[in-house]
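If you read the first sequence in the working numbering, its first letter stands for residue 48, the second for the next number, and so on.
Yeah, the Cβ is synthetic: ideal placement off N, Cα and C, and Gly gets one too.
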Amino acid sequence: MLQLSFIQEHTDIVIAGLKKRKHVAPETTVQKILTQDGQRKSLQTRLNDLQAQVNQISKQIGMLMREGKKEEAEQAKSKTSALKEDIKAQQEALREVENFLNEALAHIPNIPHESVPVGDSEEDNEVVSLIGEPPAISADALPHWELIKKYDLIDFELGGKITGAGFPVYKGKGARLQRAMQNFFLDKAGEAGYTEVQPPILVNEASGFGTGQLPDKEGQMYKIVDEDLYLIPTAEVPITNIYRDVILEESELPRKHCGYTPCFRREAGSWGAHVRGLNRLHQFDKVEIVQIVKPEDSYTVLEEMRAHVESLLQALGLHYRVLRLCSGDLGFTSALTYDMEVFSAGQKRWLEVSSTSNFETYQASRLKLRYKDKDNQKHLAHTLNGSALAFPRILAAILENNQTPEGIRIPKVLQPYCGFDIIN
RNA sequence: AGAGGGUUGGCAGAGUGGUCGAAUGCGGCGGUCUUGAAAACCGUUGUACCGUGAGGUACCGGGGGUUCGAAUCCCUCACCCUCUACCA
């Protein structure tokens with residue numbers, strides 16, 4: 048979240064950022080926060096003062112007791128009762144103000160980077176690059192759900208029986224391809240310097256808050272009510288939270304991690320006709336890359352991460368485009384996000400397979416993730432992450448784009464991982 | 001899941017109602033000595049907030065309570081360890 052000091056010093060920037068995001072009432076929201084913060088300060092000053100007085104008296108009582116001056120001690124005790132009542136009132140008022148501020152700050156989104164185009168929806172995202180050509184496939188190219196049936200790669204109905212809609216069962220070569228992608232993506236991330244981790248896929252509330260899923264996106268996550276835990280919607284959550292409440296040395300930056308996890312999303316209300324097959328699932332698999340970096344490096348690193356994701360797409364021979372998300376489509380916590388979309392020949396549409404973002408200090412502030420510079424000064428770090436990559440839509444694109452009369456050709460780079468070169 | 005024990009500063013580890021933000025040791029940083037290093041010695045070394053500043057406040061796993069005063073007493077929650085039970 049944004050720091051109060053930042054809002055104080057750069058009120059205009061914050062308001063402009065909120066306006067860019069089409070926030071309903073930027074000025075009043077920010078003004079209210081600033082007034083309440085002023086309120087907080089004066090309450091705390093007064094409270095500190097009262098506490099100091101009580102501490103002073105207590106110290107005197109201790110001395111009097113030791114000297115055996117009981118009467119004077121009793122007299123001193125009586126002086127504190129009024130103070131204590133006052134303290135209680137101040138504390139309550141302070142807590143109220145702090146609760147308000149915490150709540151308000153938690154609901155202020157990150158400020159979009161200056162390069163983020165203004166826009167209302169995904170219609171307004173900016174296409175920053177378009178790589179490759181649509182595959183030369185006959186007009187009757189099948190969508191992947193037909194191919195999946197034809198070659199018996201995934202059983203959606205079976206998943207529905209075992210769990211429910213959106214929980215597919217991968218079978219045979221379908222399952223093998225999943226494993227191939229996992230190893231291929233992890234190996235590539237490893238080569239790019241990311242240290243592999245295998246994190247928990249259930250996280251507690253503090254972790255959900257740290258990366259910004261809570262409280263904003265509570266409804267998107269599956270919750271284990273009995274344990275107060277959430278199934279992760281992305282490995283970003285457990286991996287970034289490795290660094291919650293951590294102060295790193297500047298020399299330890301950047302920290303680079305990758306990890307494979309299943310991801311769980313309720314996708315409440317978004318189930319519709321055009322989400323057939325692998326297009327949208329409640330459970331899917333993904334390799335995620337995460338970096339913790341110095342602020343001055345974060346935009347260079349964002350490009351580096353984007354290049355890594357693109358190299359994967361190129362290795363797989365997929366036709367793709369890169370979008371710079373507009374302010375209306377930009378995630379709550381992100382300052383700048385690139386979405387990578389692959390073209391799926393059977394559906395003739397673009398499928399998002401990666402979202403790569405710079406959160407600047409937004410997550411770090413919630414996480415209390417800092418680093419010490421040479422002069423021992425502490426600063427919030429910048430956090431970034433990206434999908435590299437999400438499996439289901441990659442699989443969908445591979446199936447649709449590589450279909451031939453003989454069968455589905457497997458991209459060369461995956462062949463050593465899955466052990467076959469065609470599905471027929 | 002049952003019984004018991006525990007959670008203190010970067011680490012180890014004292015501290016059971018007042019002068020304790022906290023002994024001591026190790027580690028870190030600065031210095032003396034040395035050609036240099038080691039050893040020795042001296043000093044220093046937590047975090048957050050309020051205050052222009054001097055300074056103040058809070059924090060000994062989290063929350064609450066008793067008290068003029070809590071690391072220390074009480075309640076509660078979380079986590080860790082040991083034994084038993086179970087289990088991949």
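Collapsed DSSP secondary structure at residue i in the structure displayed
i: Lys425; result: strand
i: Gly257; result: helix
i: Glu143; result: helix
i: Arg456; result: strand
i: Ala136; result: helix
i: Lys419; result: strand
i: Met387; result: strand
i: Ala437; result: strand
i: Arg368; result: strand
i: Gln450; result: strand
i: Val400; result: strand
i: Thr408; result: coil
i: Asn157; result: coil
i: Asn471; result: coil
i: Ser374; result: coil
i: Ala392; result: coil
i: Val322; result: coil
i: Ser168; result: coil
i: Ser29; result: Outside the shown range of the chain, which is 48 to 471, sits residue 29, and nothing can be said about it.
i: Leu51; result: helix
i: Leu363; result: coil
i: Gly109; result: helix
i: Glu351; result: helix
i: Lys116; result: coil
For residue i: DSSP bridge partner residues
i: Gly380; result: A small fix is needed here, since residue 380 is Thr in this sequence, not Gly. Thr380 is not bridged to any residue.
i: Phe311; result: Gln330
i: Ser128; result: For Ser128, which the question treats as bridged, DSSP gives no partner whatsoever.
i: His304; result: Thr242, Val337
i: Ile557; result: Because the chain spans 48 through 471 in this model, residue 557 falls outside it and cannot be assessed.
i: Asn432; result: Val337, Ser404
C-beta contact flag for residue i and residue j at 7 Å
i: Ala444; j: Val389; result: yes
i: Lys333; j: Cys310; result: yes
i: Tyr385; j: Arg353; result: yes
i: Gly207; j: His366; result: no
i: Pro458; j: Gly324; result: no
i: Leu383; j: Thr408; result: no
i: Met387; j: Ser404; result: no
i: Asn172; j: Leu372; result: yes
i: Val101; j: Leu130; result: yes
i: Pro463; j: Leu328; result: no
i: Gly259; j: Gln410; result: yes
i: Tyr277; j: Val250; result: yes
i: Pro246; j: Ala153; result: no
i: Ser381; j: Gly166; result: no
i: Arg68; j: Pro156; result: yes
i: Leu233; j: Tyr307; result: yes
Contacting residues, own chain, Cβ-Cβ under 7 Å from residue i (five flanking each side not counted)
i: Gln83; result: Val144, Phe147, Leu148
i: Pro73; result: Ile62, Leu65, Lys66
i: Gly219; result: Asp199, Leu200
i: Glu283; result: Thr258, Glu335, Val337, Asn432
i: Val460; result: Phe231, Ala362, Leu363
Residues of its chain near residue i, where Cβ-Cβ distance is below 6 Å and the 5 sequence neighbours each way are ignored
i: Gly257; result: Asn288, Arg291, Arg413, Leu414
i: Glu119; result: Leu111
i: Pro181; result: His366, Phe390
i: Pro215; result: Ile201, Phe203, Gly206
Neighbourhood of residue i by C-beta distance below 8 Å, restricted to the same chain and skipping five residues each side
i: Pro301; result: Gln338, Ile339, Val340, Lys341, Asp344, Val348
i: Leu189; result: Lys197, Gly393, Glu447, Gln450
i: Leu141; result: Arg87, Leu90, Gln91, Leu94
i: Asp275; result: Asn251, Glu252
i: Ala151; result: Thr76, Lys79, Ile80, Gln83
i: Lys235; result: His355, Ser358, Leu359, Ala362, Ala435
Residue ranges of each beta strand (DSSP E) within the stretch 200 to 282, 3 or longer: 249 to 251, 276 to 278
Can you give, in chain order, each stretch of the beta strand (DSSP E) that sits fully within the stretch 173 to 200 and has at least 3 residues? 173 to 178
Give, in chain order, every unbroken run of the alpha helix (DSSP H) that is at least 4 residues long and sits entirely within the stretch 55 to 101. 58 to 67
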